[in-house]
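Undergrad:
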Amino acid sequence: MTHNKGNFAIKHSQNEIVNKHLIQRLVNQSSITEGDLVYDIGTGSGAISKALLDKGARVVAFEKDKSLYLKCRQKLINQDRFEIYLMDFLIWQFPQHQKYKVFSNIPFFRTADIVNKLLLNKEPPEDCYLIVQKEAAEKYTGIPDETLASLLIKPLFWIDIIYRFQRNDFHPAPSVDVVLLQIEKRKCQLVPDKHYGLYKDFIVFCREGSNRTVKKSLKELFTCHQLKQLSDSLDIDYRVSPADLNFTQYLCLFQFYLEHNLSNKTVIRGAEARLRKHQTGIVKTHRTRKRARN
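Going by my numbering, the sequence shown opens with residue -12, and the numbers climb by one from there.
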């Protein structure tokens, strides 16, 4: 057993699927076809990569744990459509203008970082299948309630939970429920690129403040007459929290905002960047405190 603290954390974050037939069935049911380039992030011993290769895909795998990297490399070394990198996927530089898909059993504790890297870069995947904790999947699908994460990515991606695993499908068996999350790039974006930055600011601005009502959030953006119009057409109760609105309502609110209020966009501009900066500061403070305790 290794005594390296970093490797210990990595190894014990891996819950590998032991049912190879299940892996092959899920890969076969995916949109992945012969010749597709597919990323396998946190490949472990290579079971998913093997299933992807059997489907005829070209596979680029990433594994940070050296012993698992060597095990996978030894198993698939003779495959001419296979590459594996001993590295953290989060430092990977995406090649420009490269179409690819993803099928991965990612380390659960890195889910948010990996999803952000995949979806928020200039070269997002055409289709993405991620084995993740059910709780994380619900955050991105907005089930049962929309989250900030679900609202920000839904204009660009279709998202759904497409399979629910049994805990004994894995070794070691996880202590949480695990699902297969599909995130597919929309053929036609619901918000065009030129307005997407403003859309993110709009969403963050509307949801800022835990004690605000919908009316308080929107009164800085719309006139009383416009609020009445929106209430009638979108069935909005202005007394509820902004967290109670669904994606369709937010999308319609933003489209209405574009049509009527482009002149006052400075009110919301920069809201998403400020939130990101604030969250980064919280993470840095948390890490500093952890190091101090150690």
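C-beta atoms are modelled at their ideal positions from N, C-alpha and C, and glycine is treated no differently.
#1: Measuring straight from C-alpha to C-alpha, what distance separates Ser220 and Lys53?
#2: Does DSSP classify Glu3 as helix, strand or coil?
#3: Apart from the five residues just before and just after Gly257, which ones in its own chain have a Cβ nearer than 7 Å to its Cβ?
#4: Could you tell me which uninterrupted beta strand (DSSP E) segments, each at least 3 residues in length, are contained entirely in the segment 93 to 141, listed from first to last along the chain?
#5: Quick check: what's the CA-CA separation for Arg194 versus Ile93?
#6: Exposed or buried, which one is Val191 when buried takes at least 16 other CB atoms within 10 Å?
#7: From which residue to which residue does the beta strand (DSSP E) around Leu24 run?
#8: Would you report the Cα separation of Tyr183 and Val254, rounded to the nearest angstrom?
#9: Determine whether the beta carbon atoms of Lys58 and Ser32 lie at a separation below 8 Å.
#10: Taking the C-alpha atoms as reference points, what is the distance between Gln284 and Asp27?
#11: Counting along the chain, where does the beta strand (DSSP E) carrying Asp147 start and finish?
#12: If we count the other Cβ atoms within 10 Å of its Cβ and call it buried at 16 or more, is Glu259 buried or exposed?
#13: What are the start and end residues of the alpha helix (DSSP H) that includes Arg194?
#14: Go ahead and pull the three-state DSSP assignment for Ala44.
#15: According to DSSP, simplified to helix, strand and coil, what is Lys88?
#16: Are the segment 163 to 175 and the segment 108 to 118 touching, with three or more C-beta to C-beta distances below 8 Å?
#17: Using a threshold of 8 Å, state whether the C-beta atoms of Leu217 and Leu238 are closer than that.
#18: Write down every uninterrupted run of the alpha helix (DSSP H) in the segment 46 to 83 whose length is 4 residues or greater and which is fully enclosed by it, in chain order.
#19: Below 8 Å, how does it come out for the segment 115 to 128 and the segment 157 to 169: are there three or more Cβ pairs, yes or no?
#20: Looking only at its own chain, which residues have a Cβ that is under 6 Å from the Cβ of Ala230, when we skip the five neighbours before and after it?
#21: Taking the Cβ atom as the reference point for each residue, do Phe234 and Ser137 lie within a distance shorter than 8 Å?
#22: Would you mind stating whether Phe209 and Glu3 have Cβ atoms separated by less than 8 Å?
#23: Whole angstroms is fine: what's the gap from Lys88's alpha carbon to Asn15's?
TA: According to the structure shown:
#1: Using only the alpha carbons, I get a separation of about 57 Å.
#2: DSSP places Glu3 in strand when its eight states are reduced to three.
#3: Correct list, in chain order: Asp188.
#4: Those beta strand (DSSP E) runs which fall completely within the segment 93 to 141 and span 3+ residues are 114 to 120.
#5: When rounded, the distance between both Cα atoms is 30 Å.
#6: By the neighbour-count rule (16 or more Cβ atoms within 10 Å), Val191 is buried.
#7: Counting along the chain, the beta strand (DSSP E) containing Leu24 begins and ends at 24 to 28.
#8: Rounded to the nearest whole angstrom, the CA to CA distance from Tyr183 to Val254 is 16 Å.
#9: Between Lys58 and Ser32, the gap from beta carbon to beta carbon is short of 8 Å.
#10: The chain is shown from -12 up to 281; residue 284 falls before or after that span and cannot be answered.
#11: The continuous beta strand (DSSP E) containing Asp147 extends over residues 144 to 151.
#12: Looking at its Cβ environment, which holds 16 or more other Cβ atoms inside 10 Å, Glu259 is buried.
#13: Per DSSP, Arg194 belongs to the alpha helix (DSSP H) from 180 to 194.
#14: Ala44: coil per DSSP, three-state reduction.
#15: DSSP places Lys88 in strand when its eight states are reduced to three.
#16: These segments touch.
#17: Result no, Cβ atoms of Leu217 and Leu238 do not sit closer than 8 Å.
#18: Runs found: 53 to 63.
#19: Touching, per the Cβ criterion.
#20: None.
#21: A Cβ-Cβ contact shorter than 8 Å links Phe234 with Ser137.
#22: In this structure, Glu3 does not lie closer than 8 Å to Phe209 by Cβ.
#23: Near 14 Å, if we compare the C-alpha coordinates of Asn15 and Lys88.
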